[in-house]
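Note sheet for the following structure.
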Amino acid sequence: MEQLFTKEDHQALKEKDPLMKKVMETIPLTPRSLTPDLFQSLLKSIVGQQISMKAQETIWQRCLKAFPQITPKSISEAPLDTLRGLGLSGPKASYLKGTATMIFQGTLDLETLPFASDEEVIEALTKLPGIGPWTAEMVLIFTLGRKDVLSYGDLAIKRGLMMLYGHDTLSKKQFQYYKQLFSPQGTLAALYLWEVSSGHYDLEAIKASL
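Pasting the structure below:
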């Protein structure tokens, strides 16, 4: 998904904050891909709630193997026991089936979402079972390719901000400051904050190089 961001995007973000600039010049981004199928992206996001990326990918690969075609119809008709057998918790299995059923029945037309604003997408998706603001924001990033998404509900992003800027805690007001600071390159900032939060890099050395 790195191809979403132009040289101008990178330069604009660097100019917003000297510490972020150092991070961008020091830390490489992990390659991440877009999931173009909006329905599959929704399901994969539900699968990934509160588990590691590795665990998410393991369960998702089981889903792909179990369902040659992952469609609203196929998932809505799947028994809950089948979904749980893939490694999903009971609630997540219900969320997948419920979301698929609502989309299959036409309660939400996914084809309209690429043309909606970020706020409209979040409002529409959070009406689905198991879809909260964080899941909707991940769909904005990883399927719709929206470039200004910095999620308050993402623990890793908040951890990255605290690690980078020396906060013991991070209030919503403080988060909003960074959200506004990095806008309209919020998604690019999120990618770097995810890297920071991994703990794989010497932040003290980065800060000392300022």
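Sequential numbering from 0 applies to the sequence shown in numbering that gives the first Met the number 0.
For glycine and all other residues, C-beta sits at the position ideal for the given N, C-alpha and C.
Checklist entry - Do you know how far the Cα of Met-161 is from the Cα of Trp-193? => result 12 Å
Checklist entry - At what residues does the alpha helix (DSSP H) containing Ile-140 begin and finish? => result 132-141
Checklist entry - Distance, Cα to Cα, Leu-143 vs Thr-125? => result 16 Å
Next on the checklist: Give me, in chain order, the residues of the same chain whose beta-carbon lies closer than 6 Å to that of Tyr-151; leave out the 5 immediate sequence neighbours on both sides.
Outcome noted: Phe-174
Checklist entry - Ile-88 by DSSP, collapsed to three states: which one? => result This sequence places Ser at residue 88; Ile is not what is there. In this structure, Ser-88 counts as coil in the three-state DSSP scheme.
Checklist entry - If you check the beta carbons only, do Phe-141 and Met-0 fall under 9 Å apart? => result yes
Next on the checklist: Taking 7 Å as the limit between beta carbons, can you name the residues of its chain near Ile-102, skipping five residues before and five after?
Outcome noted: Phe-38, Pro-71, Leu-109
Item to check | Spatial neighbours of Pro-35 in its chain, beta-carbon cut-off 6 Å, leaving aside the 5 residues before and after | outcome: none
Checklist entry - What are the boundary residues of the alpha helix (DSSP H) that includes Glu-122? => result 117-124
Next on the checklist: For Ser-75 and Ser-208, what's the separation of their Cα atoms in angstroms?
Outcome noted: 54 Å
Checklist entry - Glu-136: buried (16+ other C-beta within 10 angstroms of its C-beta) or exposed? => result buried
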